[in-house]
Each structure stands twice: as structure tokens, then as C-alpha cells.
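Residue numbers (our numbering): 38 to 237.
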């Protein structure tokens with residue numbers, strides 16, 4: 038296969054990693070019965086905050102943690118509004134998406150044009166030598182590899198563990214989950230915030 042095509046596919050996979058994190062975060066939140074429609078705004082605001090912190094501290098790790106914190110805080114607002122205040126998830130999510138987007142544009146002006154730290158590539162020995170597959174899948178950074186693992190871990194956890202089945206229960210049949218001893222509201226808060234952190 039042409040090298041340009043291979044590198045193009047590898048680039049698509051690398052660019053998709055943050056979207057995979059966000060998609061899995063939204064999936065977890067929705068499984069818990071809370072639809073977080075602020076995803077696009079959350080991603081923008083978390084990316085801006087993470088980049089600003091990473092640039093200021095020259096630490097990629099602190100940048101990732103900041104993004105997760107921002108995502109979790111936005112999700113906390115969603116959870117409080119929909120679970121405690123019983124407001125429309127659609128309306129709250131839509132408003133927050135717009136607010137986060139505009140806030141990211143406003144605050145992001147101060148860091149535009151700056152060069153932040155990068156996540157170094159970490160080709161996997163032996164696997165990177167596999168024709169075609171090695172170039173596409175095994176010559177990336179830790180974030181991309183983490184997205185591979187997260188897909189597998191989430192699938193196994195949701196469908197094959199007690200906690201995962203309880204997660205599905207509080208989203209699909211909250212009354213039945215309550216009878217089985219689950220604190221539905223507390224668990225919905227927890228999983229919504231976890232989902233938001235993954236979006237960030």
C-alpha cells in the first residue's frame with residue numbers, strides 16, 4: 038500500500054483518539070440515564086484550558102488533568118441541573134454547549150499562537166514492523182494507545198461486571214436498581230462526572 042495512504046490512515050487514527058475518549062464518556066453518562074448534550078462545548082473548553090495549563094507549566098500531564106477537571110465540572114453542572122433540580126437535560130446541555138464554546142473562544146485568545154509541549158510518539162517494538170497494520174496502529178503516542186485500551190476495558194466492564202450491569206440498571210430501570218440497593222442519584226452523579234472527565 039502507498040506510504041501516503043498509510044500515514045494518512047495513521048493520522049486519522051491519531052486525530053480520532055480525543056473523540057473516542059469523548060464518545061466513551063458520553064456513552065457512560067447515557068448508560069447512567071443522563072444525556073450530556075454539552076459534549077462539543079465541553080471538548081472545546083477543556084482543550085483550551087488543558088493547552089493553557091500545559092503551555093504555562095510545560096507539562097502535558099497537567100494539561101490532560103486540567104482538561105479532565107474542566108470536563109468533570111461541566112458534567113457536574115449537568116448532573117445537578119438534571120438530577121437534583123429536575124431540569125430538562127436537552128435544554129441544559131444545549132445552553133452549556135453554547136456557553137462553553139463561547140467561553141473557550143473568549144479565554145483562548147490569550148494563548149493563540151503559542152507553542153505547547155507535545156506528547157512524544159512511542160512506537161511499539163515488533164508490532165510496528167507488521168506490514169500496513171504496524172504503520173497504522175502501532176506508531177503513535179500514549180494517548181492513542183490508551184484509547185485502544187479504554188474501548189476494550191469499557192466494553193468488558195459495562196457488559197461483564199456487576200458494577201457495569203448496575204450502571205445499565207440505573208439508566209434503564211432505576212426503580213429496579215433502587216430495590217437492589219443502588220443509590221440511583223449518587224451513582225448517576227458519579228458516572229456523569231466520570232463521563233465528563235473523559236470528554237475533557
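Cβ atoms here follow ideal geometry from the backbone N, Cα and C, with glycine treated the same way.
{"query": "Mind the definition here: the stretch 206 to 226 touches the stretch 81 to 88 only if three or more C-beta pairs lie below 8 Å; say whether that holds.", "result": "no"}
{"query": "In three-state terms, what does DSSP make of residue 74?", "result": "coil"}
{"query": "How would you call residue 68, buried or exposed, if buried means at least 16 neighbouring beta carbons within 10 angstroms?", "result": "buried"}
{"query": "Write down the C-beta distance between residue 236 and residue 62 rounded to the nearest angstrom, noting that I regard them as a contact closer than 8 Å.", "result": "4 Å"}
{"query": "Helix, strand or coil: which one does DSSP assign to residue 165?", "result": "helix"}
{"query": "Along the chain, where does the alpha helix (DSSP H) that runs through residue 145 open and close?", "result": "126 to 145"}
{"query": "Do the stretch 47 to 57 and the stretch 176 to 184 touch if we need at least three Cβ pairs shorter than 8 Å?", "result": "yes"}
{"query": "Looking only at C-alpha atoms, which of 164, 66, 44, 149 sits nearest to residue 221?", "result": "66"}
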